[in-house]
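Structure first, then comments.
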Amino acid sequence: MSYTHVPPPAIVLGVALGLFLWLCLTPVAYAADIIVNSTEDNTIAGDGLCTLREAVNNANANADTTAGDCRAGALLPADQIIIPAGVYTLTPGLDNTNAHGDLDIRTAGGNLELVGAGALSTTISGPGYVVGTDRILHTGVDGPGAVIVEVHNLTLRDGHAPQGGGAIYINGTYVLIEESVIEECEAIYAGGMSNNGNGGAIYMSGGDLTILNSVLVNNTARASVIGDVKGGAIHATNGANVLIEESILQENHAVVPDIGSDRTSAGAIFFNGGNLTLRRSQIISNSVGATFSDNRGFGGAIYFAGVALQIVASTVADNTAGEAAGALYLDGARAEIVRSTFSGNRAPQGYGGAIVNWSVLTITNSTFSGNLAKLTAAGVANNSAGVLSLLNSTFTDNACAIEGGIAGGACGVYNWGAAATVQNSILAGNRDLGSGRPLSPDAGGSFTSLGHNVVGVAADGFIDGVNGDKVGTLSSPLDARLFGLGANGGPTATHLPAWDSPVISAADAAACPPNDQRGVTRPAGAGCDVGAVEMGAPHFLPYLQRE
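Residue numbers (the numbering used here): 8 to 554.
What follows is the structure, encoded as structure tokens:
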């Protein structure tokens, strides 16, 4: 028999009383809430008005520099600047003293929070594109450091920087953006005027960035002359780390004016740092290329050259790169795509409608549908240094060779790489629109089948009836019997299989992930289903009520 020791009631009461007294008597440090009461942009001390610029000056100085207009700043804990509803337009200027131009936030000032009344109510705006214009925020202006700058419930709009970061320049600090909007900002390369035109919304030189429940829309990295621009929304380098959750990056662009330019990349995110993570987010309708014809560029959504990329439960759709990689150009160490959908991405002059891969890439429980490439690999192009692994994923309705006479083929996945393994996946229903030599529209190059795949037209490595693979031929393609791409539950669009689809209960259950792309438990029927969606065996109702 075992016994549990229970303290006497007097001891329990004494401990509780001691804790209560400690909580009551211990001094509590409160943030200095600096409340802005004017939309003017000046530093006139003693006029009774607390402007946004004065509030930032007090936070930087950890003191009162305004003759009582604003509450004094404090080093600890974080200063919180409360910004009521209204439009706060910054005056033009280029300096790092917070005298005019952008709001310069000093590392020495400690942590700082900018809190608006809601993204639809509070806006901090640049002055538009005029001589001497600047971005909106500059963190770590006195050097990098372990400080936190937070932006909550407001909109940053119309910032224009003649270098990186149209809205925010992050210099080795931590920045949190939550429930906010960054729109219509621009980083401009003008030749001899700046080092780059990178990061239409945000430029990071080191540091960490977290974006939660926010929208980055219609930002641009632009060259007004022949130049090198990267990252229509975000440019991250020097070991920077970025986390994006439940957010939207839409209609951001990286563009140059000259015909035939191939020095643009990343319509949304250019990443040459540490770790980039996207969860439950949408990266849609971003583009990269030239403003005239012969529109080249790489990575319509993301150009990744960092340590690790992870995309989870997200949608990457309708992005465009003129030359290659309509959605992702992967040149980093490793990348993982889980429970996500890539659809409608385009490489109208090249290859890799969705992805061009030079890294170690794993795709699990994901859907690639409706992507387009002029040449080949509308889904994924796995290049010579790439290592590709597909598990329980669906590649269908992707098309290539959109001009007659071009030998397309392999419009689902093409492998030029050292290794490509495929298991429990669908490669079927992809379309070669060219009129060249006959090739499999679903897969090209050499693959290692780990079994239980459904392949529309045979390719090297897939043999019908071997290792559970079901494989069609060029003259008699195997129909995977999938419904169209649609909202079928979960955060992303998927293809449901018909009840008589060859994918039902045909997967290797031992290799199946515990859930499908939508989050449905596997297996749902007699066995695990091939592809990204788990349907299970059909259920017939004995009676259907007539309405």
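Just so you know, even glycine gets a beta-carbon here, dropped at the ideal spot from N, CA and C.
Scanning its chain for C-beta atoms nearer than 6 Å, with the 5 sequence neighbours on each side dropped, one finds around Tyr95 the residues Thr46, Leu59, Ile131, in chain order.
Excluding sequence positions up to five before and after Ala427, its CB lies within less than 6 Å of the CB of Asn389, Leu395, Phe454, all in the same chain and listed in chain order. Distance between Ala531 and Ser456, taken at the CA atoms: about 24 Å. Distance check between Gly238 and each of Val222, Leu219, Gly296 places Gly296 closest, using alpha-carbon atoms only. Note that the C-beta distance between Gly339 and Ala308 is not below 8 Å.
Distance from the Cα of Leu397 is smallest, within the candidate group Ser447, Leu446, Val345, for Val345. Beta-carbon to beta-carbon, Val323 and Phe349 are separated by about 5 Å, close enough to satisfy the 8 Å threshold. Nearest to Phe490 by alpha-carbon distance, out of Cys407, Ile90, Val510, Gly172, is Val510.
With fewer than 16 other beta carbons inside 10 angstroms of its own, Asp507 counts as exposed. The beta carbon of Ala505 lies closer than 8 Å to those of Arg488, Leu489, Phe490 in the same chain, with the five residues before and after it left out. For the pair Cys535 and Asp325, the Cα-to-Cα distance works out to about 31 Å. In this structure, the beta-carbon distance from Glu258 to Ser292 falls below 8 Å. For the pair of segments examined, the stretch 367 to 378 was found not to touch the stretch 463 to 471: the number of CB pairs separated by less than 8 Å stays below three. The beta carbons of Asn437 and Ala514 sit about 20 Å from each other, so the pair does not count as a contact at 8 Å. Glu61 sits in a helix when the DSSP states are folded into three classes. Met211 is bridged by DSSP to Ile177, Ala243.
Of the residues assessed, Asn103 falls on the exposed side of the cut-off, its CB having fewer than 16 other CB atoms within 10 angstroms. DSSP links His145 through a beta bridge to Asp111, Tyr176.
Nearest to Asn352 by C-alpha distance, out of Gly386, Tyr181, Val63, is Gly386. Note: Thr383 is not bridge-paired with any residue in the DSSP secondary-structure output. Of the other Cβ atoms in all chains shown, fewer than 16 fall within 10 Å of the Cβ of Leu481; this residue is therefore exposed. Under DSSP, Pro504 shares a beta bridge with Leu489. For Asn67, the secondary structure class from DSSP, reduced to helix, strand or coil, is helix. Per DSSP, the beta-bridge partners of Thr162 are Thr130, Val188. Short of 8 Å from the beta carbon of His459, and not among the five residues preceding or following it, lie these beta carbons of its own chain, in chain order: Gln430, Asn431, Asn474, Gly475, Asp476, Ala513, Ala514, Asp515, Ala518, Val537.
For the pair Ala247 and Val314, the Cα-to-Cα distance works out to about 10 Å. DSSP places Gly296 within a strand segment (E or B) once states are collapsed to three. Burial state of Ser294 is buried, judged by a 10 Å Cβ sphere holding 16 or more other Cβ atoms. Counting along the chain, no beta strand (DSSP E) covers Leu82, and no H or E run does either. Closest by C-alpha distance to Gly357, out of Cys192, Leu110, Gly147, Ala328, is Ala328.
Measuring C-alpha to C-alpha distances from Val363 to each of Asp86, Leu216, Tyr421 identifies Tyr421 as the nearest. Here the alpha carbons of Gly452 and Asp467 stand approximately 7 Å from one another.
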